[in-house]
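Taking the UniProt record's numbering, I'd label the letters of the sequence shown as residues 1 to 926.
Where is the CB? At the ideal position from N, CA and C, for every residue including glycine.
Take a look at the structure set out below.
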Amino acid sequence: MFGIPVPRYALVIRDVPYQQLDYFIEEEDFVEVHGMRFFKPFVEKPVDADNHSIMIYYPSSAGGGMKELFRKVGNRSSEFHPEVRRVRREGSYIYEEFMPTGGTDVKVYTVGPEYAHAEARKSPVVDGVVMRNPNGKEVRYPVLLTPAEKEMARDVCIAFSQAVCGFDLLRSQGRSYVCDVNGWSFVKNSYKYYDDSACVLRKMLLDAKAPHLSSAIPPTLPWKVNELVQPSEPLTRQGSGINGTFEGSEELRCVIAVIRHGDRTPKQKVKLKVTEEKLLNLMLKYNGGRPRSETKLKSAVQLQDLLDATRMLVPRTRPDRESDSEAEDVEHAEKLHQVKAVLEEGGHFSGIYRKVQLKPLKWIKMTNDNGEVEEQPVEALMVLKYGGVLTHAGRKQAEELGRYFRNKMYPGEGTGLLRLHSTYRHDLKIYSSDEGRVQMSAAAFAKGLLDLEGQLTPILVSLVSKDYSMLDGLENASSEMKEAKAWLNEIITSNANTVDSNGSPEFPWMVDGAGLPPNASELLANLVKLTKKVTEQVRLLAQDENEKLTERSLYDVIPPYDQATVLGKTNIDVDRIAAGLPCGSEGFLLMYARWKKLETDLYNERKERFDITQIPDVYDSCKYDLLHNAHLNLEGLDELFKVAQMLADGVIPNEYGINPKQKLKIGSKIARRLLGKLLIDLRNTREEAITVAELKNNHDHSLSINIEKEDAEAKSKLFHKNDEMDQDDDDDKETKYRLDPKYANVKTPERHVRTRLYFTSESHIHSLMNVLRYCNMEESLQEEESLVCRNALERLVKTKELDYMSHIVLRMFENTEVPLEDPKRYRVELTYSRGADLSPLEKKGSAATSLHQEHTLPIMGPERLQEIGSYLTLETMEKMIRPFAMPAEDFPPATPAGFSGYFSKSVLDRLVNLWPFHRQSSSLGK
């Protein structure tokens with residue numbers, strides 16, 4: 001449209017309210033207009049420009065719901081409605097692709113086609129809270145427009161024939177789009193804007209009435225001509241708050257954190273073979289009628305169909321257990337009952353909590369009504385995966401850790417991180433694996449980090465990117481892990497004592513199977529006995545609940561747990577606990593199914609065989625019930641927890657390798673892609689820091705007599721399309737959004753910090769830690785010292801569990817007093833936290849109070865991985881990690897086509913002219 005980039009859109013025009021339109025289709029997670037499909041999240045805008053009620057609809061995979069944007073009322077500009085999932089039909093609307101902007105909008109104001117002023121503000125999409133200054137005005141910061149954005153401002157002016165104009169700019173994935181043109185609009189509080197406007201108007205009048213004076217009069221205002229340029233204040237110095245005090249010339253450049261998700265419910269799986277026609281037909285319905293193809297059911301519509309089918313198949317009361325000959329039928333009926341109970345919990349369906357697979361097992365050939373022979377499935381395997389949901393405690397942990405990062409990781413000027421972020425000096429990107437609990441942990445952390453309000457779904461969609469290949473999956477190391485588990489099974493299930501972990505007092509971490517208890521086989525037998533004891537108690541509770549449900553609905557008094565309404569909650573379910581029900585979404589029936597499965601899988605009585613891979617799951621369930629269901633007073637649960645913990649402390653670390661060399665091999669395979677990305681982050685930070693330093697040095701002579709000439713050249717390049725730029729190589733097309741340093745009222749405008757946050761599961765935390773501490777065992781690095789000091793290695797071997805919210809942090813500092821080419825200019829600091837590594841049996845102190853009142857374990861503080869006073873250079877870090885990391889060239893492009901993450905020399909030359917350090921006179925093209 002007029003050559004101005006806008007988000008992809010389509011129009012739905014209705015002559016009367018609720019008019020049915022053939023070209024408009026609405027499904028659960030998308031709408032289709034004239035064949036153009038818009039998947040959620042998408043934006044819905046009224047065609048009527050005077051109607052400012054704009055809706056954003058979110059996908060079920062992120063929790064669903066809708067956010068309404070409106071003109072500011074008090075300190076709010078939007079409201080989230082988790083229950084709204086259908087679009088409006090009472091009028092005409094524009095449907096538009098949602099553009100993620102990282103939580104910031106840009107407002108642009110023009111005065112004629114040759115001038116544009118831009119300000120950044122907090123986007124209403126994230127939490128709807130308006131940031132205001134002490135005078136009650138919305139907080140905004142002047143920012144620099146890119147050459148392409150300046151050309152867009154010019155085109156908007158001309159297209160709308162509106163010289164004084166305002167419009168909204170969305171910066172998304174390296175590109176910019178105009179989403180709204182406001183017409184006649186001014187900047188509210190900016191001396192710079194009105195000074196520049198005066199210059200524009202003066203030149204316009206002179207060009208029209210006295211062109212001979214136009215070029216003779218300076219472009220600046222009279223009182224600005226002799227105004228001295230204020231020297232830039234020194235950057236805030238960043239000493240390490242963990243590794244002691246370093247020289248005052250160090251500045252924080254980068255924060256990288258790899259973080260495990262928060263507290264969750266136990267992960268569950270139900271497998272059953274089905275022959276019922278209703279279920280087989282459902283499989284054919286969603287796999288395109290292919291009898292040998294499996295089906296995955298995740299959407300609300302699909303899961304509702306499955307629930308409807310199971311409700312018709314499950315009897316009202318359970319079958320009688322007395323006949324042994326019907327044992328399989330009884331088990332099948334119980335599993336169907338369990339499937340029904342899982343599908344009914346939660347209040348609404350969401351693919352991030354439950355998913356079902358239907359895999360055909362047997363087929364027969366049949367003749368259809370047309371006389372054609374075709375295959376029909378007669379048996380299928382149903383696999384239902386559920387659980388693993390982030391709890392209220394997990395959300396609270398993630399938010400609190402985000403607040404800790406905000407206050408401790410970014411020491412410095414004023415309000416620290418928030419001020420950096422709002423002024424385009426904080427480059428933040430958050431990545432998550434595909435698991436729902438990990439995504440929600442990332443969103444809750446972002447809420448605490450950026451001091452946001454409201455529910456998590458809008459924050460998740462706006463700020464968190466999913467990357468399955470980097471943060472999920474163990475496939476690359478499956479054979480090595482299988483080998484390690486086989487060794488563990490042999491040692492633990494044999495009657496012989498396990499290897500004494502104290503056999504090498506000097507290097508205890510070098511022993512095979514370090515951490516395994518010497519009496520593991522005895523503990524395993526006791527584990528089975530105690531598991532049966534707890535399971536029987538839960539069975540009686542489930543039986544009592546089933547009898548009550550047969551007579552009347554227990555939930556007539558206590559409503560079912562609704563995850564749609566608790567995505568933002570961080571408090572316990574007081575009503576359910578007071579009613580004697582399990583905490584969260586689990587009823588006694590599902591709680592019994594969880595424990596019964598553990599009992600059955602842990603020890604096969606017929607084959608007299610243990611399965612040691614179930615030890616972590618038993619420990620997981622014990623810890624969960626001690627933390628969240630202590631009010632049920634299950635006898636023997638605390639004793640079971642102690643036994644399970646001793647075994648799990650040995651099993652879990654050794655599943656990722658029974659000795660350092662195997663841990664290094666498995667860790668490098670699982671975390672290969674993540675390690676490569678960390679190196680890219682560090683390298684890009686260094687390249688950017690070098691670029692800024694060089695540009696700053698090149699502008700130290702900015703008060704020279706050539707300044708006016710340089711300004712004129714810069715303006716020419718900023719305002720007009722440059723054919724050379726279009727023809728150059730693609731290295732210059734990475735967009736760098738920057739604060740306007742001359743008018744931002746910020747002490748350190750040059751300061752720029754990169755933050756990269758990676759949320760993942762336990763496997764990647766263990767893998768990354770194993771590579772960091774054992775990387776020097778690689779053949780080519782055996783002469784090098786470990787990245788982790790001796791003291792930390794000893795602490796890590798005693799750290800059995802990297803619990804919920806455990807994290808590894810890399811902070812990179814730049815010493816500005818060291819020459820650019822000196823390796824010591826860039827230092828890397830490594831720290832880690834064990835997460836919420838505290839026993840739920842804790843009886844004393846504030847931790848015990850938090851445990852019993854809020855079901856939440858505190859997160860342990862950071863610990864050093866290096867000696868105090870040590871100096872790990874970026875060069876050494878890269879050397880030690882590179883052999884295990886995916887090479888940068890193997891990564892697919894992370895930015896849109898035509899963008900590159902690197903600067904060419906020609907770009908550096910051009911940036912020298914565009915960079916605004918220490919300019920005496922203001923350019924009119926800000």
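Restricting attention to L170, F160, D48 and N135, the CA atom closest to the CA of E97 is found in L170. Counting only runs of 4 or more residues that sit fully inside the region 41-83, no alpha helix (DSSP H) segment turns up. T685: member of the alpha helix (DSSP H) spanning R672 to N698, first to last residue. Counting along the chain, the unbroken beta strand (DSSP E) around T755 starts and ends at V753 to T760.
Counting along the chain, no beta strand (DSSP E) covers W184, and no H or E run does either.
Within the model, the alpha-carbon separation for P46 versus Y95 is close to 9 Å.
Under the criterion of beta carbons closer than 8 Å, E251 and M481 do not qualify as touching, at roughly 42 Å.
In its chain, beyond the 5 residues on either side, V111 have a beta carbon closer than 6 Å to the beta carbon of S197.
Sequence-distant Cβ neighbours of E79 in its own chain, meaning closer than 8 Å and more than five residues away, are K67, E68, F70 and G128. Taking a contact to require three or more Cβ pairs closer than 8 Å, the region 304-311 and the region 277-285 qualify as touching. Judged by DSSP in its simplified three-state form, H117 adopts strand. With a contact defined as Cβ atoms closer than 8 Å, M880 and N776 qualify at about 7 Å.
Excluding sequence positions up to five before and after Y592, its CB lies within less than 6 Å of the CB of V538, R539 and A542, all in the same chain and listed in chain order. Under the criterion of beta carbons closer than 8 Å, H631 and I577 qualify as touching, at roughly 6 Å.
Taken through DSSP and simplified to helix, strand or coil, M805 comes out as coil.
In this structure, DSSP gives N604 an extended state, which the three-state scheme calls strand.
Comparing alpha carbon positions, the residue from A163, T755 and V534 closest to Y410 is T755. Within the same chain, Cβ atoms closer than 8 Å to the Cβ of E276 are found at A309 and L313, the five residues on either side in sequence being excluded.
Within a 10 Å sphere around the beta-carbon of P17 sit fewer than 16 other beta-carbons, which makes this residue exposed. Taking every protein chain shown into account, the CB of Y23 has fewer than 16 other CB atoms within 10 angstroms, so this residue is exposed.
The Cβ-Cβ distance between I765 and L810 does not fall below 7 Å. With the rule of 3 Cβ pairs closer than 8 Å, the region 875-889 counts as touching the region 664-673. Looking at the backbone, the Cα of L381 and that of N489 are separated by about 28 Å. Taking a cut-off of 8 Å on C-beta distances, the region 395-405 touches the region 443-456, as three or more cross pairs fall below it. Of N684, P377, V178 and L781, the smallest CA-CA separation from V753 is found for N684.
For S123, the closest C-alpha among the options S190, E762, V255 and S77 is that of S77. Bounds of the beta strand (DSSP E) holding R260 are E250 to R260. With contacts defined by Cβ atoms closer than 7 Å, L456 and M440 form a contacting pair. CA-CA distance, S786 to Y774, rounds to 7 Å. With respect to the 7 Å criterion, V270 and K355 are not classified as neighbours on the basis of their beta carbons.
The beta carbon of R292 lies closer than 6 Å to those of P360 in the same chain, with the five residues before and after it left out. Looking from the CA of F507, the closest CA among G580, V200, R795 and W363 belongs to R795.
Residue range Y191 to K209 is occupied by the alpha helix (DSSP H) that includes V200. Under the criterion of beta carbons closer than 8 Å, H34 and A62 do not qualify as touching, at roughly 27 Å. Between V438 and L384, the beta carbon gap of about 20 Å keeps them out of contact (Cβ cut-off 8 Å). For W363, the CB contacts under 6 Å within the same chain, skipping 5 residues up- and downstream, are P291, E375 and P377 in chain order.
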